[in-house]
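Colleague: The structure is given below, and queries will be raised subsequently.
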Amino acid sequence: MPTPPSSHQGNGLDAFATRIRQSLAEASSLTVDAILLERPRQELHGEFAFPCFRFAKAAGKNPAELASALASTLQIEDVELTAVGPFLNFSIHPSALAQVVLASTLRDDFGCAQENLTTIVEFSSPNIAKPMHVGHMRTTVIGAALSRIFQRLGHKVIRINHLGDWGSQFGKLVAAWQRWGSEEALEASPIAHLLELYVHFHKEAETDPSLAEEAKRAFQELESGEDNLTRATWKRFTELSLREFQRVYDRFGITFDYVRGESWYENQLQDVLAWLEGCGVLEEDDGAFIIDLSEEGIKTPCLVKTTHGTTLYATRDIAAAKSRWEEFHFDQMLYVVGAEQTLHFQQFKAALKKCGASWQERMEHIPFGLIRLTEGKLSTREGRVISLSEVLDRAVDLAQKAVEEKNPELADKKKVAEMVGVGAVVFHDLKHQRQKDVIFNWQEVLSFEGDTGPYLQYTHARCCSILRKAERPIPSFSAIQPELVQDGRDLFVAMGRLPQAIRDAGQKREPMILAQALLRIGAAGNAFYREHRVLGTGDEELEKARLATIDALRRTLALGLELLGVPVPEEM
RNA sequence: GCGCCCGUAGCUCAGCUGGAUAGAGCAUCGGACUUCUAAUCCGACGGUCGGGGGUUCGAAUCCUCCCGGGCGCGCCA
Numbered sequence: 002m003p004t005p006p007s008s009h010q011g012n013g014l015d016a017f018a019t020r021i022r023q024s025l026a027e028a029s030s031l032t033v034d035a036i037l038l039e040r041p042r043q044e045l046h047g048e049f050a051f052p053c054f055r056f057a058k059a060a061g062k063n064p065a066e067l068a069s070a071l072a073s074t075l076q077i078e079d080v081e082l083t084a085v086g087p088f089l090n091f092s093i094h095p096s097a098l099a100q101v102v103l104a105s106t107l108r109d110d111f112g113c114a115q116e117n118l119t120t121i122v123e124f125s126s127p128n129i130a131k132p133m134h135v136g137h138m139r140t141t142v143i144g145a146a147l148s149r150i151f152q153r154l155g156h157k158v159i160r161i162n163h164l165g166d167w168g169s170q171f172g173k174l175v176a177a178w179q180r181w182g183s184e185e186a187l188e189a190s191p192i193a194h195l196l197e198l199y200v201h202f203h204k205e206a207e208t209d210p211s212l213a214e215e216a217k218r219a220f221q222e223l224e225s226g227e228d229n230l231t232r233a234t235w236k237r238f239t240e241l242s243l244r245e246f247q248r249v250y251d252r253f254g255i256t257f258d259y260v261r262g263e264s265w266y267e268n269q270l271q272d273v274l275a276w277l278e279g280c281g282v283l284e285e286d287d288g289a290f291i292i293d294l295s296e297e298g299i300k301t302p303c304l305v306k307t308t309h310g311t312t313l314y315a316t317r318d319i320a321a322a323k324s325r326w327e328e329f330h331f332d333q334m335l336y337v338v339g340a341e342q343t344l345h346f347q348q349f350k351a352a353l354k355k356c357g358a359s360w361q362e363r364m365e366h367i368p369f370g371l372i373r374l375t376e377g378k379l380s381t382r383e384g385r386v387i388s389l390s391e392v393l394d395r396a397v398d399l400a401q402k403a404v405e406e407k408n409p410e411l412a413d414k415k416k417v418a419e420m421v422g423v424g425a426v427v428f429h430d431l432k433h434q435r436q437k438d439v440i441f442n443w444q445e446v447l448s449f450e451g452d453t454g455p456y457l458q459y460t461h462a463r464c465c466s467i468l469r470k471a472e473r474p475i476p477s478f479s480a481i482q483p484e485l486v487q488d489g490r491d492l493f494v495a496m497g498r499l500p501q502a503i504r505d506a507g508q509k510r511e512p513m514i515l516a517q518a519l520l521r522i523g524a525a526g527n528a529f530y531r532e533h534r535v536l537g538t539g540d541e542e543l544e545k546a547r548l549a550t551i552d553a554l555r556r557t558l559a560l561g562l563e564l565l566g567v568p569v570p571e572e573m
């Protein structure tokens with residue numbers, strides 16, 4: 002009965018990488034940390050590679066000679082060394098590979114780490130009274146995925162939805178409501194009606210200057226902090242909007258620890274202005290107050306108070322950051338916000354730095370590229386929008402048709418269609434590098450074949466199906482002979498690399514790294530069960546070992562998909 | 001004008017701190033379902049890595065200039 006050595010248990014290929022690096026460190030003057038292994042370009046070269054160029058240079062030797070010398074001297078348990086030119090390649094013994102990867106993937110702490118940081122993730126943050134469109138999808142989906150990834154890595158994660166529920170636009174909205182608002186329309190479809198009012202306001206304001214005055218007055222009333230009609234109206238808009246947003250969050254399966262809009266920091270704004278004043282960074286300029294940042298290399302000053310005495314985005318962000326620092330003492334605070342706001346984050350970080358708030362170094366803007374339409378940038382006012390619920394609805398409709406066609410016997414087709422549709426949309430967003438702009442393309446978002454969410458969901462469902470049809474308990478690790486599945490090399494390597502992918506995804510704040518790793522697992526998994534029949538081979542031990550492998554695949558996919566926020570159906 | 005981001009196969013994208021013959025998916029073409037779900041698998045086709053120069057034993061990756069696209073540049077957020 003093989004039992005894995007304890008050092009092998011935790012995390013896939015880590016055990017081997019550690020062993021190889023230690024061995025190389027002993028053979029050289031380098032520290033373990035300085036030895037970075039690479040992944041060979043070609044699979045036949047093994048699982049890890051060490052290019053000897055730098056090492057050889059330091060030792061004054063020829064890289065190829067050094068590689069072959071090391072290959073013949075070093076001995077590493079379960080690892081075969083081969084020198085190919087200047088490269089030293091490491092191939093893990095197939096049965097050790099199967100054993101170690103199976104043991105670790107079958108554990109509940111697979112892919113975990115103990116980074117022990119307190120991490121705040123601010124994401125989603127839609128604007129009250131405006132519909133959530135595809136543009137809000139990225140921050141929502143990326144932020145939620147990063148939060149789960151950090152959680153897996155052992156962070157204490159605090160998710161904050163920083164609603165855009167404050168600012169001069171609410172003055173406009175209240176003014177518009179007082180003139181043209183309809184109680185019935187608001188009840189029927191709150192956000193749609195509020196948007197209508199907002200658009201109407203902008204149109205009328207072009208010819209009617211008194212509107213701008215009313216709007217300004219309304220926002221001043223709001224900022225006064227008094228319990229007046231304006232405030233009551235604003236509060237109602239907020240609640241109605243939030244109720245609609247919640248429906249989208251429910252579909253994505255997203256929760257927040259704090260839904261704190263900008264208004265939450267409202268009563269701290271005067272203190273913050275006083276604090277800035279006390280720090281001696283405030284300057285008056287044309288009746289407004291600014292913080293000059295030229296010494297920080299930023300030409301545009303940070304404006305914190307208008308000539309009308311109202312606060313701005315930056316003022317509220319400074320207040321929010323300060324308040325969160327005092328409340329949570331975070332190790333890192335990530336703002337998942339579009340790349341177009343880069344300057345704003347540079348500005349308010351620099352402003353904090355100028356005030357001596359050294360903790361501002363822990364704040365990090367996580368920018369992402371714009372979603373654009375072929376016709377141009379999204380614009381609520383110009384009607385170039387695709388609502389988020391429409392995207393989800395269309396994806397789910399299409400998934401429904403696919404289920405109907407491919408698996409008409411399925412019990413809960415509606416539920417599965419929802420999972421597949423949402424999964425397709427979420428995965429599509431997360432499989433690209435965040436920084437790149439994306440041109441929204443229905444055909445691509447609604448694709449269920451190839452490198453897609455449904456492909457991975459399908460692979461998972463197939464595993465579940467095999468395990469179901471086995472009609473026996475899933476064999477535990479201690480009950481199988483791993484060497485019987487040593488021909489599943491590609492699959493074990495792909496699964497064994499998942500912990501590293503989770504760590505990289507966290508470190509680079511890039512869920513795509515995890516998505517790509519999952520696609521490799523999916524491809525290897527599909528090839529595996531295609532080539533290796535699990536049930537009905539007539540070989541009891543082989544069936545047990547293959548069942549355990551399918552179980553490992555199922556668990557690994559489920560783990561990765563859950564981290565990304567892609568639903569995990571057991572049938573489809 | 002200044003600043004930031006992007007430019008890899010027909011299309012959408014990977015390519016980790018510079019390393020071995022630049023990889024996937026879609027599309028196209030050709031194979032594989034009496035066998036655990038063909039939302040799959042196997043194969044073929046397809047690239048002067050936007051362009052020039054530089055650093056290096058080695059550059060898609062780093063530096064520089066140019067071209068093309070996007071975003072931003074105090075009283076919106």
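Plus 1 on top of the position in the first sequence (first one is 1) and you've got this note's numbering.
Here a beta-carbon is modelled for each residue, glycine too, at the ideal position from N, C-alpha and C.
Roughly how many whole angstroms lie between the Cα atoms of A412 and A516?
Modeller: In the first sequence, residue 412 corresponds to position 411, counting from 1. In the first sequence, residue 516 corresponds to position 515, counting from 1. Going from the Cα of A412 to the Cα of A516 covers about 29 angstroms.
Colleague: By Cβ distance, which residues of its chain are closer than 6 angstroms to P476, with the 5 residues on each side in sequence left out?
Modeller: Locating residue 476 in the first sequence gives position 475, counting from the first residue. So the list reads K545, L548, A549, once near-sequence residues are dropped.
Colleague: Return helix, strand or coil for S477, following the three-state DSSP convention.
Modeller: Along the first sequence, read from residue 1 onward, the residue named residue 477 stands at position 476. In this structure, S477 counts as coil in the three-state DSSP scheme.
Colleague: What do you get for I161, buried or exposed, if any count of 16 or more other CB atoms within 10 angstroms of its CB means buried?
Modeller: The sequence position of residue 161 within the first sequence is 160, counting from 1. By the neighbour-count rule (16 or more Cβ atoms within 10 Å), I161 is buried.
Colleague: List the residues that DSSP assigns as beta-bridge partners of D286.
Modeller: For this step, residue 286 is matched to residue 285 along the first sequence. Note: D286 sits in a beta bridge opposite A289.
Colleague: On a Cα-Cα basis, can you pick out the residue from T375, V569, A418 that is closest to L457?
Modeller: Residue numbering aside, residue 457 sits at position 456 when the first sequence is read from its first letter. It is V569 whose Cα lies nearest to the Cα of L457.
Colleague: In angstroms with no decimal places, state the Cα-to-Cα distance between G47 and H94.
Modeller: Start at 1 with the first residue of the first sequence, and residue 47 comes out as number 46. Start at 1 with the first residue of the first sequence, and residue 94 comes out as number 93. Roughly 10 angstroms between the two C-alpha positions.
Colleague: Quick one: which unbroken alpha helix (DSSP H) runs of 4-plus residues sit fully inside the stretch 167 to 234? Chain order, please.
Modeller: 169 to 181, 184 to 189, 191 to 206, 210 to 224
Colleague: Check for me: the beta strand (DSSP E) holding H366 runs from which residue to which?
Modeller: On the first sequence, residue 366 is found 365 positions in, with the first residue counted as 1. First-last of the beta strand (DSSP E) with H366: 364 to 367.
Colleague: Since I believe A84 is in contact with A68 (beta carbons under 8 angstroms), could you give me their beta-carbon distance rounded to a whole number of angstroms?
Modeller: Within the first sequence, numbered from 1, the residue matching residue 68 stands at position 67. Within the first sequence, numbered from 1, the residue matching residue 84 stands at position 83. A68 to A84, Cβ: 4 angstroms. Contact.
Colleague: What residues in its chain sit with their C-beta under 7 angstroms from that of R498, if we drop five residues either side in the sequence?
Modeller: Within the first sequence, residue 498 is the residue found at index 497, counting from 1. For R498, where only same-chain residues beyond five positions count, the Cβ hits under 7 angstroms are G13, L14, A518.
Colleague: Cβ of I129 within 9 angstroms of Cβ of F238?
Modeller: Here residue 129 refers to the residue found at position 128 when the first sequence is read from its first residue. Here residue 238 refers to the residue found at position 237 when the first sequence is read from its first residue. Their beta carbons are under 9 angstroms apart, which means I129 touches F238 by this criterion.
Colleague: Use the C-beta contact count for D251: other C-beta atoms within 10 angstroms, 16 or more gives buried, fewer gives exposed.
Modeller: For the purposes of this step, residue 251 is identified with residue 250 of the first sequence, where counting begins at 1. Burial call: exposed.
Colleague: By Cβ distance below 8 angstroms, which residues in the same chain neighbour L468 in space, the five residues on each side in sequence not counted?
Modeller: Translated into the one-based positions of the first sequence, residue 468 becomes position 467. Contacts found: I475, L548, I551, D552, R555.
Colleague: Can you tell me the Cβ-Cβ gap for L399 and G424, rounded? I've got them flagged as a contact below 8 angstroms.
Modeller: The count along the first sequence starts at 1 and reaches residue 399 at position 398. The count along the first sequence starts at 1 and reaches residue 424 at position 423. The Cβ separation is near 12 angstroms, so there is no contact.
Colleague: So for S448, helix, strand or coil by DSSP?
Modeller: Numbered from 1 along the first sequence, position 447 holds the residue referred to as residue 448. Coil.
Colleague: Could you say which of F171, A57, T375 lies nearest to A219 if we only look at CA atoms?
Modeller: Within the first sequence, residue 219 is the residue found at index 218, counting from 1. Of F171, A57, T375, the residue nearest in Cα terms is F171.
Colleague: Per DSSP, what kind of secondary structure is R463 in: helix, strand or coil?
Modeller: Position 462 of the first sequence, counted from the first residue, corresponds to residue 463. In the structure shown, R463 sits in a helix (DSSP, three-state: H, G or I).
Colleague: Please report how far the alpha carbon of C53 lies from the alpha carbon of A322, in whole angstroms.
Modeller: By 1-based counting over the first sequence, the position of residue 53 is 52. By 1-based counting over the first sequence, the position of residue 322 is 321. Answer to the nearest angstrom: the Cα atoms are 47 angstroms apart.
Colleague: Give the straight-line distance between the Cα atoms of P409 and R490, rounded to the nearest whole angstrom.
Modeller: As a working mapping, residue 409 is identified with position 408 in the first sequence. As a working mapping, residue 490 is identified with position 489 in the first sequence. Across the structure, P409 and R490 are spaced so that their CA atoms are roughly 35 angstroms apart.
Colleague: Nearest CA to the CA of H533: which residue from L492, T557, Q508, R504?
Modeller: Counting from one through the first sequence, the residue named residue 533 turns up at place 532. Closest option to H533, judged by alpha-carbon separation, among L492, T557, Q508, R504: L492.
Colleague: Assign W178 to one of two classes, buried (16 or more other C-beta atoms within 10 Å of its C-beta) or exposed (fewer than that).
Modeller: Position 177 of the first sequence holds residue 178. Note on W178: 16 or more other CB atoms within 10 angstroms of its CB, so buried under the neighbour-count rule.
Colleague: What number of angstroms, rounded off, separates the C-alpha of H429 from the C-alpha of G523?
Modeller: The count along the first sequence starts at 1 and reaches residue 429 at position 428. The count along the first sequence starts at 1 and reaches residue 523 at position 522. Between H429 and G523, the C-alpha separation is close to 15 angstroms.
Colleague: Out of curiosity, what's the CA-to-CA distance linking F331 and L187?
Modeller: Walking along the first sequence from the start, residue 331 turns up at place 330. Walking along the first sequence from the start, residue 187 turns up at place 186. Answer to the nearest angstrom: the Cα atoms are 40 angstroms apart.
Colleague: If you draw a straight line from the alpha carbon of V142 to that of T557, how long is it in whole angstroms?
Modeller: To locate residue 142, count along the first sequence from 1; it is residue 141. To locate residue 557, count along the first sequence from 1; it is residue 556. Separation of V142 and T557 (C-alpha to C-alpha, rounded to the nearest whole angstrom) is 21 angstroms.
Colleague: If distances are taken between C-alpha atoms only, which option among R108, E78, F88, T106 comes closest to A97?
Modeller: Indexing the first sequence from 1 puts residue 97 at position 96. Ranking R108, E78, F88, T106 by Cα distance to A97 puts E78 first.
Colleague: Cα separation between K300 and S105?
Modeller: As a working mapping, residue 300 is identified with position 299 in the first sequence. As a working mapping, residue 105 is identified with position 104 in the first sequence. The alpha-carbon atoms of K300 and S105 are separated by roughly 53 angstroms.
Colleague: Is the stretch 144 to 156 in contact with the stretch 344 to 362, if contact means three or more CB pairs nearer than 8 angstroms?
Modeller: no
Colleague: Taking Cβ positions, are A462 and E571 nearer each other than 9 angstroms?
Modeller: Residue numbering aside, residue 462 sits at position 461 when the first sequence is read from its first letter. Residue numbering aside, residue 571 sits at position 570 when the first sequence is read from its first letter. Going by C-beta atoms, A462 is nearer than 9 angstroms to E571.
Colleague: For S30, which residues from the same chain have a beta carbon less than 7 angstroms from its beta carbon, with the 5 sequence-adjacent residues on both sides left out?
Modeller: Translated into positions along the first sequence, residue 30 becomes position 29. Cβ neighbours of S30 beyond the five flanking positions: none.
Colleague: Cα-Cα, which of F253, L195, K217, K58 is closest to T308?
Modeller: Taking the first sequence and counting its residues from 1, the one referred to as residue 308 is at position 307. Minimum Cα distance to T308 is reached at K217.
Colleague: Determine the burial state of A495: buried for a count of at least 16 other Cβ atoms within 10 Å of its Cβ, exposed for fewer.
Modeller: Walking along the first sequence from the start, residue 495 turns up at place 494. Answer is buried; the Cβ neighbour count reaches 16.
Colleague: Quick check on the burial criterion: 16 or more other C-beta atoms within 10 angstroms. Buried or exposed for P210?
Modeller: Here residue 210 is taken as the residue at index 209 of the first sequence, counted from 1. It counts as exposed.
Colleague: Report yes if the C-beta distance between V439 and L371 is below 9 angstroms; otherwise report no.
Modeller: Stepping through the first sequence from its first residue, residue 439 is reached at position 438. Stepping through the first sequence from its first residue, residue 371 is reached at position 370. Contact flag set, yes.
Colleague: Do K131 and L195 come within 9 angstroms of each other at the CB atom, strictly closer than that value?
Modeller: By one-based count along the first sequence, residue 195 stands at place 194. By one-based count along the first sequence, residue 131 stands at place 130. Their beta carbons are under 9 angstroms apart, which means L195 touches K131 by this criterion.
Colleague: Tell me the rounded alpha-carbon separation between L198 and P191.
Modeller: The sequence position of residue 198 within the first sequence is 197, counting from 1. The sequence position of residue 191 within the first sequence is 190, counting from 1. If I take the Cα positions, the gap works out to 11 angstroms.
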